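Chains as they are written, first to last, in our numbering: chain A, 975 to 1094; chain B, 7 to 115.
Think of the CB as a built atom: it goes at the ideal place given N, C-alpha and C, for glycine as much as any other residue.
If you're wondering where the values come from, they're calculated on a predicted model, not measured in any experiment.
Heads up: the structure comes next, in C-alpha cells.
Structure (C-alpha cells):
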C-alpha cells in the first residue's frame, strides 16, 4: 500500500525558511507516470496548491508563491522536499504532500498533513 | 488561470439531493476537462470524489456525480447521509498549475 508521510519542524520563526520532507513508501517515487505536489491549508480556510515536481526534476509553482518556493526530489531516498523562504504568520498552515494519479488529472494519494506554525 | 468560486455553505436533509457549484471567473476553466472534486472531513486529508468532470474513482459511492456546463462545474450528492457532512472543494489544472475553489461546507440537517 502506497503511503505518503510529511515530516519537518512544526515551528518556524518569521523570516526563516520552512523545510518539509515527504517520504513515499510502498512504491518507487521514480515513476514518470506520477508527479508530486505540495498543498497547504491554513486553519479554517481552503486548499492552496504550492507546486509540483516530476522525478526528472522539472517543477512548476503557484505564481503567488513562486519567488519563495523550491521543490526538489531525492529518488535514492524516495523523498521529495519543500522549502519556503522568508515565511510570515500567513504561511502558518497544514502542509500536505500529494501524488497526481498516473494517467489522470487529480490527486489520488495524500499524506496526513503536518502543521507548521510561524511564530517567534 | 481562473479563480474558482463556490458557495460557502449548502445544507440538506437525509435522503435529499444537493448540488454544489464551482464557477470559473476567467481563464481556461471553461474549456478544461480536468475538474475534480474533493471531500474533506475535519482533521483529515482531502479525498477525491470526482475526477475529469464526471468520473468516480473506484470505491466512491454512485450517489456522487459531477457535471460541467461552460464556466460552471457541479457536484451533486443524492440520498444524503450523515457522513456526507464535510467540506467540498473543486479543483482544476491548467497552464501547468492547479487551482482549488474556496470550499463549500455541507451540513446534513
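Residue nearest to residue i in terms of C-alpha spacing, selected from the options
i, options, result
"residue 88 of chain B", "B:37, B:15, B:106, B:112", "B:112"
"residue 93 of chain B", "B:105, B:8, B:14", "B:14"
"residue 77 of chain B", "B:33, B:19, B:64, B:21", "B:33"
"residue 110 of chain B", "B:22, B:46, B:20", "B:46"
"residue 1050 of chain A", "A:1036, A:993, A:997", "A:997"
"residue 66 of chain B", "A:1041, A:991, A:1088, A:1082", "A:1082"
"residue 91 of chain B", "B:27, B:60, B:83", "B:83"
"residue 74 of chain B", "B:52, B:53, B:54, B:97", "B:97"
"residue 1018 of chain A", "A:1037, A:1033, A:1068, A:991", "A:1068"
"residue 1088 of chain A", "B:51, B:106, B:102", "B:51"
"residue 108 of chain B", "A:1021, A:1040, A:1076, A:1075", "A:1021"
Short Cβ contact (8 Å threshold) for residue i with residue j
i, j, result
"residue 1008 of chain A", "residue 1086 of chain A", "no"
"residue 1002 of chain A", "residue 1052 of chain A", "yes"
"residue 85 of chain B", "residue 69 of chain B", "yes"
"residue 1000 of chain A", "residue 975 of chain A", "yes"
"residue 1057 of chain A", "residue 1066 of chain A", "no"
"residue 1023 of chain A", "residue 43 of chain B", "no"
"residue 1093 of chain A", "residue 989 of chain A", "no"
"residue 12 of chain B", "residue 27 of chain B", "yes"
"residue 80 of chain B", "residue 72 of chain B", "yes"
"residue 57 of chain B", "residue 1080 of chain A", "yes"
"residue 102 of chain B", "residue 1036 of chain A", "no"
Terminal residues of the beta strand (DSSP E) in which residue i lies
i, result
"residue 97 of chain B", "92-100"
"residue 1035 of chain A", "1033-1035"
"residue 83 of chain B", "78-83"
"residue 1046 of chain A", "1043-1048"
"residue 114 of chain B", "110-114"
"residue 1086 of chain A", "Note, residue 1086 of chain A: premise wrong, no beta strand (DSSP E); not H, not E."
"residue 1025 of chain A", "1022-1027"
"residue 1015 of chain A", "1010-1015"
"residue 978 of chain A", "977-981"
Own chain, CB closer than 8 Å to residue i, minus 5 neighbours either side, in chain order
i, result
"residue 1095 of chain A", "The structure shown does not extend to residue 1095 of chain A, since chain A is modelled only from 975 to 1094, so the question has no answer here."
"residue 100 of chain B", "7, 8, 33, 34, 35, 38, 40"
"residue 1006 of chain A", "1028, 1029, 1030"
Beta-carbon proximity list for residue i, same chain, < 6 Å, skipping 5 on both sides
i, result
"residue 17 of chain B", "113, 115"
"residue 1084 of chain A", "1070, 1072"
"residue 9 of chain B", "31"
"residue 1063 of chain A", "1092"
Any non-hydrogen atom of the ligand ATP within 7 Å of residue i CB
i, result
"residue 1032 of chain A", "For the ligand ATP, the structure offers nothing, since it holds no ligand at all."
Spatial neighbours of residue i in its chain, beta-carbon cut-off 7 Å, leaving aside the 5 residues before and after
i, result
"residue 986 of chain A", "992, 1061, 1090, 1092"
"residue 1077 of chain A", "1007"
So if I threshold CB-CB distances at 8 Å, which residues from the stretch 1075-1087 of chain A count as touching chain B? 1075, 1078, 1079, 1080, 1081, 1082, 1084, 1085, 1086, 1087
Taking any Cβ of chain A, which residues in the stretch 62-82 of chain B have a Cβ under 8 Å from it, in chain order? 63
Mind checking the stretch 1002-1014 of chain A against chain B and listing, in chain order, the residues whose C-beta falls within less than 9 Å of any C-beta there? 1011, 1013
If the cut-off is 9 Å on Cβ atoms, which residues from the stretch 1013-1033 of chain A count as contacting chain B, listed in chain order? 1013, 1015, 1019, 1020, 1021, 1022, 1023, 1025, 1026
For the stretch 1059-1073 of chain A, which residues have a beta carbon sitting closer than 7 Å to at least one beta carbon of chain B? 1070
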